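Undergrad: To start, I am sharing the structure in question, which I have written as C-alpha cells.
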C-alpha cells in the first residue's frame, strides 16, 4: 500500500459517500445516471469475485464489501425507493450502455492476463469501469445545470483513478516485477474521459459560478 | 512464489 493508492481509495470512498448523502439528504437522484450506477455495480461484482477466496487484508475485504454494498444500495434506491425514484431523469438517461457491456466483454475475452473465469471477469471489470462514467457525463450535459453534489460526485470519481495512475507509476518504479498494463491503459483512458469535465469544473470553481457543461 | 496476478488493488 502506498500513499497514492490510499488517497485513491479514500477519494473513491468520498465519491460514494457524497452520492449516498445526496440521495438520502435530498431524497432525490436528479442529475444522477442510473445506468452509470448499474455499470458500477457490475464492475464491483465482476471484479471482486475473489472476495471469499483470496484474503489480502482486512482493509481490502472491508472496502470491497463497502463498494459492492453501496453500489447495489444506490441502484436499489434509484429503481425502487418510492420517493427517490420519482426524481430520476428517465428521459435524459438514455445512453445505450449495452454497447459498453458488449465491447468490454469482447475485449476481455481477447485481452486478459490468464484465460480463467476470474481473470476474464477481472479484465472485463477494468475495461467497463473505464467507460462506465459515459452515461453520467452525457446526462450532465443534457440536464445543463449540475447540482453541487452531483458535480462533486463526478469530480471525486474521476480524481480517484488519477491517484491510481500515480500509484502504478510509483509501484512500477519501486517493485521489480510490477506490471499491470490492463489497469494502467484503462486507467489512463478512464481519467482522460473526465478531462473536459475537470476543465469545466475548474472554470466554474474559479469563477465561483454554477457548473455549466456545454450541451 | 506469489504470482503477481494476485489482485491486491481495489
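Chains as they are written, first to last, in the numbering used here: chain A, 16 to 230; chain F, 524 to 533.
By construction, the Cβ of each residue, glycine as well, lies at the ideal position given by its N, Cα and C atoms.
Since we're looking at a predicted model, the values are computed, not measured.
Considering residue 92 of chain A, what are the terminal residues of the alpha helix (DSSP H) in which it resides?
TA: Position 77 of the first chain holds residue 92 of chain A. Note, residue 92 of chain A: alpha helix (DSSP H), 73-95.
Undergrad: From the DSSP output, which residues share a beta bridge with residue 156 of chain A?
TA: Position 141 of the first chain, counting from 1, holds the residue named residue 156 of chain A. Beta-bridge pairing links residue 156 of chain A to no other residue.
Undergrad: Please look up how many angstroms separate the CB atoms of residue 531 of chain F and residue 75 of chain A, rounded, as I've assumed it's under 8 Å.
TA: Sequence index remark: in the second chain, residue 531 of chain F carries index 8 (1-based). Sequence index remark: in the first chain, residue 75 of chain A carries index 60 (1-based). Yes, they are in contact, since the Cβ atoms of residue 531 of chain F and residue 75 of chain A sit about 7 Å apart, within 8 Å.
Undergrad: Cβ of residue 208 of chain A within 8 Å of Cβ of residue 143 of chain A?
TA: Your numbering for residue 208 of chain A matches position 193 in the first chain. Your numbering for residue 143 of chain A matches position 128 in the first chain. No, the Cβ-Cβ distance between residue 208 of chain A and residue 143 of chain A is not below 8 Å.
Undergrad: Let me check one thing: in DSSP terms, what residues is residue 227 of chain A bridge-paired to?
TA: Within the first chain, the letter at position 212 stands for residue 227 of chain A. Per DSSP, A:160.
Undergrad: Which residues in the same chain as residue 100 of chain A place their Cβ atom closer than 7 Å to its Cβ, once the five residues preceding and following it in sequence are excluded?
TA: Indexing the first chain from 1 puts residue 100 of chain A at position 85. Excluding residues within five positions, the ones whose Cβ falls inside 7 Å are 93 and 94.
Undergrad: Determine the DSSP secondary structure at residue 148 of chain A, reduced to helix, strand or coil.
TA: Mapped onto the first chain, residue 148 of chain A falls at position 133. Of the three classes helix, strand and coil, the one that applies to residue 148 of chain A here is coil, per DSSP.
Undergrad: Closer than 6 Å by C-beta to residue 120 of chain A: which residues in its own chain qualify, once you throw out the five before and the five after it? Chain order, please.
TA: Counting from one through the first chain, the residue named residue 120 of chain A turns up at place 105. Only 139 meet the Cβ criterion.
Undergrad: Which term fits residue 204 of chain A, buried or exposed, when burial requires 16 or more other beta carbons within 10 angstroms of its beta carbon?
TA: Stepping through the first chain from its first residue, residue 204 of chain A is reached at position 189. Its Cβ having fewer than 16 others within 10 Å, residue 204 of chain A is exposed.
Undergrad: Hey, is the segment 108-117 of chain A in contact with the segment 46-54 of chain A, meaning 3+ C-beta pairs nearer than 8 Å?
TA: yes
Undergrad: Could you pull out every residue in the same chain whose Cβ sits closer than 6 Å to the Cβ of residue 102 of chain A, ignoring the five residues on either side in sequence?
TA: Looking up residue 102 of chain A in the first chain gives position 87. So the qualifying residues of the chain are 43, 44 and 45.
Undergrad: Assuming residue 211 of chain A is part of the alpha helix (DSSP H), what are its boundary residues?
TA: Within the first chain, the letter at position 196 stands for residue 211 of chain A. Counting along the chain, the alpha helix (DSSP H) containing residue 211 of chain A begins and ends at 210-221.
Undergrad: What does residue 20 of chain A reach in chain F if we use C-beta pairs closer than 7 Å?
TA: As a position in the first chain, residue 20 of chain A is number 5, starting the count at 1. Going along chain F in sequence order, the residues near residue 20 of chain A (Cβ under 7 Å) are 532.
Undergrad: Around the Cβ of residue 141 of chain A, are there at least 16 other Cβ atoms within 10 angstroms (buried) or fewer (exposed)?
TA: What you label residue 141 of chain A is simply residue 126 of the first chain in a count that begins at 1. Within a 10 Å sphere around the beta-carbon of residue 141 of chain A sit 16 or more other beta-carbons, which makes this residue buried.
Undergrad: Taking 8 Å as the CB-CB cut-off, is residue 79 of chain A touching chain F?
TA: The residue given as residue 79 of chain A occupies position 64 in the first chain. At least one chain F Cβ lies under 8 Å of residue 79 of chain A.
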